[in-house]
Amino acid sequence: MFERSDGQSLTMRQAGQQQYQQESGSSRSSSGSDGRSGRRGQPHQIRSARQSSSTVVPAFTIRSASQSRVQPPKRVNVFAERPSPSLAFRRIYQRGDLPVCIVHESRLYRLGWKVELDTLDYEHYLPLFLDGLCETQHPHEFLARKGAEDLITRAPDRVTPLLPVIIPPLRRALNTRNPRVICSTLKIIQLIATCSKESGRAFLPYYKSLLPILNLFKSINLNQGDGIDYSQQKNSNLGDLIQETLEMLEKSGGSAAFVLIKNMVPTYESCVWK
2 MFERSDGQSL
12 TMRQAGQQQY
22 QQESGSSRSS
32 SGSDGRSGRR
42 GQPHQIRSAR
52 QSSSTVVPAF
62 TIRSASQSRV
72 QPPKRVNVFA
82 ERPSPSLAFR
92 RIYQRGDLPV
102 CIVHESRLYR
112 LGWKVELDTL
122 DYEHYLPLFL
132 DGLCETQHPH
142 EFLARKGAED
152 LITRAPDRVT
162 PLLPVIIPPL
172 RRALNTRNPR
182 VICSTLKIIQ
192 LIATCSKESG
202 RAFLPYYKSL
212 LPILNLFKSI
222 NLNQGDGIDY
232 SQQKNSNLGD
242 LIQETLEMLE
252 KSGGSAAFVL
262 IKNMVPTYES
272 CVWK
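Numbering (my numbering), first residue to last: 2 to 275.
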């Protein structure tokens, strides 16, 4: 009986020890895993708590030095179109103070002048028509473009002395970043640069005002694949028109033109020095 009871007690003791070891092992594993996950999760919880409690403040201010999140700067699309900063041409046309009108013919329409062009004050009207190049609606766009072309071709000798007052409206038109407006402005620039012998060299001091926008859009071309680009027929392909304008400025600007163009448009290659 003693041996039997002793054997049974030993067996029960062994079973109790095994059960105790299993329970202690499982508790250690669970506590270890909980500790590891707790240690891993604790920084994340602290970080999320800090982010939830922090406030967004504008950058480069006194508040940005505090324990807050700095608001990042906004992204700007350099190719996005910008609104026209001046509406003087439209207001004067609606008021009826422009000496022009649209003459409708059987199939087309043309620009008609109410007075002789030789009697006009170029210092007043030429910058006004160039300011209307920013317009994209009919008839303002047609009147501004055709009016500027007629004034330049009629008296080219009167255009070159007016370059200081001509460049600002041309620059505003280019800064609209509207491909349609840029094409019209480039055609006017070509016309001014070649209207007389002195006009091309007179353009040299104003390259810094006009060429940065051309550098921005110089590589803009439509990839039609095996299709037909009909804009070439109307000379309205922006990339080709910019290249043509730069070459025309180099040819009419003399020996110093290429260096100035190269500084503003690094990808331009000379069409004269080859």
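Using N, Cα and C, we set each Cβ at its ideal position, and we do this for glycine too.
Notebook entry, point to check: Going by beta carbon distance, what residues of the same chain come within less than 6 Å of Arg-146, once the five residues before and after it are set aside?
Noted result: Once the five neighbours on either side are set aside, the close Cβ partners of Arg-146 are Ser-185.
Check: Going by other Cβ atoms of all chains shown within 10 Å of its Cβ, with 16 needed for buried, is Gly-113 buried or exposed?
Finding: Taking every protein chain shown into account, the CB of Gly-113 has fewer than 16 other CB atoms within 10 angstroms, so this residue is exposed.
Notebook entry, point to check: Since Ile-103 sits in a beta bridge, which residues does DSSP pair it with?
Noted result: Leu-112
Notebook entry, point to check: Going by other Cβ atoms of all chains shown within 10 Å of its Cβ, with 16 needed for buried, is Ser-107 buried or exposed?
Noted result: exposed
Next item on the list: Drop a sphere of 10 angstroms on the beta-carbon of Ile-167, count the other beta-carbons inside from all chains shown, and report buried for 16 or more, exposed for fewer.
Entry: Buried: at least 16 other Cβ atoms inside 10 Å.
Check: In the structure shown, what three-state DSSP assignment does Gly-255 receive?
Finding: coil
Check: Excluding the five sequence neighbours on either side, which residues of its own chain have a C-beta within less than 7 Å of the C-beta of Cys-135, listed in chain order?
Finding: For Cys-135, same chain residues with a beta-carbon under 7 Å away, outside a window of 5 residues either side, are Ser-85, Ser-87, Arg-173, Ala-174, Thr-177, Val-182 in chain order.
Margin query: Please classify Ala-89 as buried or exposed, where buried requires at least 16 other C-beta atoms within 10 Å of its C-beta.
Written below: Exposed, since its Cβ has fewer than 16 Cβ neighbours within 10 Å.
Notebook entry, point to check: With C-beta atoms as the reference, is Pro-276 less than 8 Å away from Val-116?
Noted result: A query on residue 276 cannot be resolved here, the shown segment of the chain reaching from 2 to 275 and no further.
Next item on the list: Output the distance between the C-alpha atoms of Asp-122 and Phe-204, rounded to the nearest integer angstrom.
Entry: About 22 Å.
Item checked: Own chain partners of Thr-137 with C-beta closer than 7 Å, once the 5 adjacent residues on each side are dropped -> Asn-179, Arg-181, Val-182
Item checked: Alpha-carbon to alpha-carbon, Glu-199 and Arg-111 -> When rounded, the distance between both Cα atoms is 30 Å.
Next item on the list: Return helix, strand or coil for Val-273, following the three-state DSSP convention.
Entry: coil
Item checked: 7 Å CB neighbourhood of Lys-263 in its chain, flanking five on each side removed -> Tyr-269
Check: CA-CA distance, Lys-252 and Ile-93?
Finding: 37 Å
Next item on the list: Taking only runs that begin and end inside the stretch 157 to 192, name each unbroken alpha helix (DSSP H) of 4 or more residues, in chain order.
Entry: Within the stretch 157 to 192, the complete alpha helix (DSSP H) runs of at least 4 residues are 164 to 176.
Check: Ala-258: buried (16+ other C-beta within 10 angstroms of its C-beta) or exposed?
Finding: buried
Notebook entry, point to check: CB-CB under 7 Å to Arg-91, same chain, minus the five flanking residues each way: which ones, in chain order?
Noted result: Glu-136, His-141
Next item on the list: Within the same chain, show all residues whose beta-carbon is closer than 6 Å to that of Arg-159, passing over the 5 residues directly before and after it, in chain order.
Entry: Tyr-123
Next item on the list: Go ahead and pull the three-state DSSP assignment for Asn-216.
Entry: helix
Next item on the list: Assign Val-266 to buried or exposed, taking buried as 16 or more other Cβ atoms, counted over all protein chains shown, within 10 Å of its Cβ.
Entry: buried
Notebook entry, point to check: Considering only C-alpha positions, which residue in the set Arg-83, Glu-82, Pro-59 is nearest to Lys-75?
Noted result: Pro-59
Check: Do you know offhand how far Ser-271's Cα is from Leu-211's?
Finding: 18 Å
Next item on the list: Give the DSSP-derived three-state secondary structure of Glu-136 in the structure shown.
Entry: coil
Notebook entry, point to check: Using the C-alpha atoms, what's the distance from Ala-149 back to Leu-163?
Noted result: Spanning the alpha carbons of Leu-163 and Ala-149 requires a straight line of approximately 13 Å.
Note to self: Beta-carbon within less than 8 Å of Tyr-207's beta-carbon, same chain only, minus the 5 sequence neighbours each way: which residues are those?
What the structure shows: Leu-164, Ile-168
Notebook entry, point to check: So, are the CB atoms of Asp-151 and Leu-118 less than 8 Å apart?
Noted result: yes
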